[in-house]
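Presented below is the structure to which this report refers.
In full-length UniProt numbering, the protein residues as written are 1 to 1031.
Given below as structure tokens:
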């Protein structure tokens, strides 16, 4: 007897359900009236959490599998395709509101038969879904469809009780071969329980006959040579038989009914041999299947998945050990049956596995649970063989991360014979399939510049790109015709502007882009309007990227760095995405991008795309400002910031659609169309829709929301707005690099940013956040805005903060835009190399932007300043009285005649250190002051001051080697000795401040009668007020 080990999983809701094994037996797909498809790993048993495919919106009616993918049909009129990783790839067909009842895949996986409530059955090519054959013969709706094992015949069963056999040796030219009347029951009511009983013609693996359930509820066999009933199986079920399946080797037949029994028939004697409880009394078994390789049987009953581990005892032949080539089994000896069941292809196979396979040396690799006969599976040149009684096996190592196929931005699949070929901010390209040809409609959002285009497409274009100056099309090779690239410029003044190129044999386009016109070819027309013909870029399956001018000239060709995934064009460049090698085992697609200028074909930028592990690229485009942008499958939108600065481009996330407030409580997704400024243009899809349909939906504008750390207070929202506006402002500045005057748009952008910063400064001053206020003030763009910040600080009585703002304003006025001009000039050149040590300076003695961060950790170089010579230590002679502890100044003119502009950080050092002794630099060497008569060094305090002396008295000293100086101190001396009236006024000694030494100590000899008082200002800073000061 067989082992009654039956496990149960409640896979779906109660009601109709179906199942299908993958052809390799690794996965089991189940579907039900909960609109879900669950994927079960057959190696894990009943205790597992299956993967869920939830794209269907209504009941799943049928599932069929190929070697590496599966197809599902549901009541929502759709047939969907899933790849080897169970990722949804495309809608293969739609039935225009009709329920898709059954689908079946041909043995070679090239053709998919689809039957619906209609009387017509479709045969669709799985590679080119536009290749369709129609089978029209039934009087009522079709219930089921099956292929014979060799792909010669197709059998369809209808509600009218007919079984029609079709000759499909030429799938596109099918013919009706035989109509079998009154064999299966006629069920006109699709809502009756009998309608869901399986009436399909189930083919024997030999292809010599099929089995079905007759109108009298018996299991009958029909010969493929005479198309007549030959035998009947009796004494099986006590009630109605509802489902059938042959074992892979054709030796057994399994059946299920409403009598709570599943029976396994031995076809040697056509008798029921083993049975198991189906699961529920009175409920029909709606689907049943043998495992392709193991001794296992599965069926569905009332939404529950039942698995019988060993339906055939070990004493009998394994149900998948061989493939039989005999007819309906007769009562012959077992030895003859064994000889007849051996496949002829097994003879002569060599014992070697071959180079295409990797021997499994980590486990037993067994997929059969008993001694087996030799099996050979041939696919191309790869062969596998398993010897009888061998517990070893072979296993092919594959990468579970499926490479993302090429896609065209803004394109969709056919739905009801209509699709979008391109959808962007320029317009829409629509395609309608009229079977004999396509109809192409090009419609523009703004019709004041271009007229719509309408034409019949006999080439059956499958790719389109809507560009700035024209629209490009491409079609694959078909019926001996070469692949074609066609371009239609918008310009109407030039006759015969449209052109076509035929690609070489075996080459076709996989990605297409229509870009702008090189600047040197733009022609200024009357009225100031510029006109051009654009550029067409085509990536082909041979790894070439071909550049064709808008006038039809082949200008350039380059080799792609990897498999091209997508491509789009802007006014100035082409944005190309390719794969760097293969995918990773961790789920990474390994995508890179290249930005190629249409003017000169220079490589402007290149780098990696920030697609997270396990996600795919969904869309690419170019913003209204010319910046490349992309969106991934997780719902995050990115923009390439600083794309005009060589080696400085980086991807910035500007929107995470998962965090949108409008999405709370809604099941919706956002199909990208374009990005301009702070607006994300998209089509909102409801439910499980993945693409927009027809009629054309409206494009919605969503506010871009950068995923910053938004604080609870109002300033958090303002910071996010500031970030977006500054990002946009940087793009505008970069685009106007060589403009002599800044545009009005740029001026308005700067003003808007400054207003927002001033609002944030006001909040910082109000809350006492002085460091935050200083950081914000340094971001202001104009001196007048800094003056406004100073007035804000004065309003809140923050004197210290106001002085810092004034110092910043004066430094900005003194600079007069020179620093910004230098920075702008460097944008079109490669960036300076990163210093290899801390404190490295460039040849001019000026600190670079990167080096300024290390100022507090390394001394600057000795720089000769205006009116300040190199400081030297004082030599005290025995005959000469020692001078007071004051600094001696050399009046030798500076060797550098040009005025050195002080960096912004230098100015801040002066103002910060002038505010109190506690902010001055400390003597980190902790050495004692030099004694009288000894040579003074810079490690002590050579600048200590006497109350009776003049700290700035000029004395003549011997020239000695220069010493290391405090930058902030000499900045103060420089300011004090400045000849300019502004600088002199700025740093004039205040009568109310008290003289101190470098380290903040009182000068020696100071009149002890001096009285000092400390007063607290409103901003919390301590100021020293002197009642009197002795110079």
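Each residue gets a CB set at the ideal place from its N, CA and C atoms; glycine is no exception.
Since the model is a prediction, treat every value here as computed from it, not as a measurement.
Exercise for the section: Evaluate contact between the segment 2-19 and the segment 304-317, counting only Cβ atoms and requiring at least three cross-stretch pairs below 8 Å. Expected result: The way I'd put it, the segment 2-19 does touch the segment 304-317; three or more beta-carbon pairs between them come closer than 8 Å.
Exercise for the section: Kindly list the residues whose CB is nearer than 7 Å to the CB of residue 84, restricted to its own chain and excluding five residues on each side of it in sequence; keep chain order. Expected result: The residues are 68, 69 and 402.
Handout entry: Pair within 8 Å by beta-carbon distance, residue 564 and residue 589
Key = For residue 564 and residue 589, no; Cβs fall outside 8 Å.
Handout entry: Three or more C-beta pairs below 8 Å linking the segment 688-699 and the segment 740-752
Key = No, the segment 688-699 does not touch the segment 740-752.
Practice task
Determine the DSSP secondary structure at residue 560, reduced to helix, strand or coil.
Solution key: DSSP places residue 560 in the coil class of the three-state scheme, outside both helix and strand.
Handout entry: Where the alpha helix (DSSP H) through residue 792 begins and ends
Key = If you look at residue 792, you'll find it in the alpha helix (DSSP H) that goes 783-795.
Handout entry: Meets three-Cβ-pair contact criterion under 8 Å: the segment 429-442 and the segment 577-588
Key = With a cut-off of 8 Å, the segment 577-588 and the segment 429-442 do not count as touching, because too few Cβ pairs lie within range.
Exercise for the section: Check each candidate in 698, 688 and 689 and name the one with the smallest Cα separation from residue 682. Expected result: Considering only 698, 688 and 689, the residue with the shortest C-alpha distance to residue 682 is 698.
Practice task
Report the rounded CA-to-CA distance for residue 684 versus residue 702, giving the unit in angstroms.
Solution key: Computed Cα separation, rounded: 10 Å.
Problem - N-terminal and C-terminal residue of the alpha helix (DSSP H) that residue 200 is part of - result: It is not in any alpha helix (DSSP H) - residue 200 carries neither H nor E in the DSSP assignment.
Practice task
Specify whether the segment 768-781 and the segment 799-807 touch according to this definition: at least 3 beta carbon pairs, one from each stretch, less than 8 Å apart.
Solution key: With the cut-off at 8 Å, the segment 768-781 and the segment 799-807 touch.
Practice task
Could you give the DSSP three-state label for residue 409: helix, strand or coil?
Solution key: Three-state result, residue 409: coil.
Problem - Straight-line gap, residue 789 to residue 708 (C-alpha atoms, nearest Å) - result: Residue 789 and residue 708 have their C-alpha atoms some 25 Å from each other.
Exercise for the section: Could you tell me the distance, in whole angstroms, from the CA atom of residue 285 to the CA atom of residue 226? Expected result: Going from the Cα of residue 285 to the Cα of residue 226 covers about 31 Å.
Handout entry: Close-in-space but distant-in-sequence residues of the same chain around residue 631 (CB under 6 Å, 5 per side omitted)
Key = If you ignore the 5 residues before and after residue 631, its C-beta comes within less than 6 Å of the C-beta of 618, 619, 637 and 672, all in its own chain and listed in chain order.
Handout entry: Burial state of residue 136, where buried means 16 or more other Cβ atoms lie within 10 Å
Key = Classification for residue 136: exposed.
Practice task
Flag residue 788 as yes when its Cβ comes closer than 7 Å to any non-hydrogen atom of the ligand GTP, and as no otherwise.
Solution key: For the ligand GTP, the structure offers nothing, since it holds no ligand at all.
Practice task
Under 8 Å by Cβ, that's how I've got residue 150 and residue 107 pegged, so tell me the actual separation to the nearest angstrom.
Solution key: Rounded, the Cβ-Cβ distance is 7 Å, consistent with contact.
Handout entry: residue 224 burial status per 10 Å Cβ neighbour count (16 or more: buried)
Key = Buried, since its Cβ has 16 or more Cβ neighbours within 10 Å.
Practice task
Thinking residue 61 and residue 115 are a contact (beta carbons under 8 Å), I'd like their distance in whole angstroms, please.
Solution key: In fact, because the Cβ distance is near 10 Å, the residues do not count as touching under 8 Å.
Exercise for the section: Whole angstroms is fine: what's the gap from residue 689's alpha carbon to residue 91's? Expected result: Taking the straight line from one Cα to the other gives about 11 Å.
Practice task
Would you list the one or two residues that DSSP bridges to residue 676?
Solution key: DSSP lists 679 as partners of residue 676.
Problem - Whole-angstrom distance between residue 408 and residue 166, CA atom to CA atom - result: Their backbone Cα atoms lie some 38 Å apart in a straight line.
Exercise for the section: On a CA-only basis, which of 64, 49, 52 and 45 is nearest residue 19? Give me that one, please. Expected result: Of the candidates 64, 49, 52 and 45, the residue whose Cα lies closest to the Cα of residue 19 is 64.
Handout entry: Neighbourhood of residue 315 by C-beta distance below 7 Å, restricted to the same chain and skipping five residues each side
Key = If we look at residue 315 and ignore the five residues flanking it on each side, it has no Cβ neighbours.
Handout entry: C-alpha distance - residue 10 paired with residue 95, whole-angstrom precision
Key = Roughly 30 Å between the two C-alpha positions.
Handout entry: Spatial distance of residue 576 from residue 463 (CA atoms)
Key = About 16 Å.
Handout entry: Those residues which DSSP pairs with residue 144 across a bridge
Key = BP columns for residue 144 point to 157.
Handout entry: Residue nearest to residue 273 in terms of C-alpha spacing, selected from 244, 260, 287 and 235
Key = Closest by alpha carbon: 235.
Handout entry: Residues bridged to residue 271 [DSSP beta-bridge criterion]
Key = For residue 271, DSSP records a beta bridge to 266.
Practice task
Work out the CA separation of residue 300 and residue 424 for me, nearest whole Å.
Solution key: The alpha-carbon atoms of residue 424 and residue 300 are separated by roughly 46 Å.
Exercise for the section: Could you tell me the distance, in whole angstroms, from the CA atom of residue 554 to the CA atom of residue 538? Expected result: In a straight line, the C-alpha of residue 554 is about 11 Å away from that of residue 538.
Handout entry: Local conformation of residue 20 per DSSP, three classes
Key = Reduced to three states, the DSSP call for residue 20 is strand.
Problem - CB contact flag (residue 475, residue 517, <8 Å) - result: Taking 8 Å as the cut-off, the Cβ atoms of residue 475 and residue 517 do not count as close.
Exercise for the section: Determine the extent of the alpha helix (DSSP H) in which residue 54 is found, giving its start and end residues. Expected result: Element bounds for residue 54: n/a, residue is neither H nor E.
Exercise for the section: Out of 242, 240, 209 and 239, point me to the one whose CA is closest to residue 231's CA. Expected result: Here the closest residue by C-alpha is 209.
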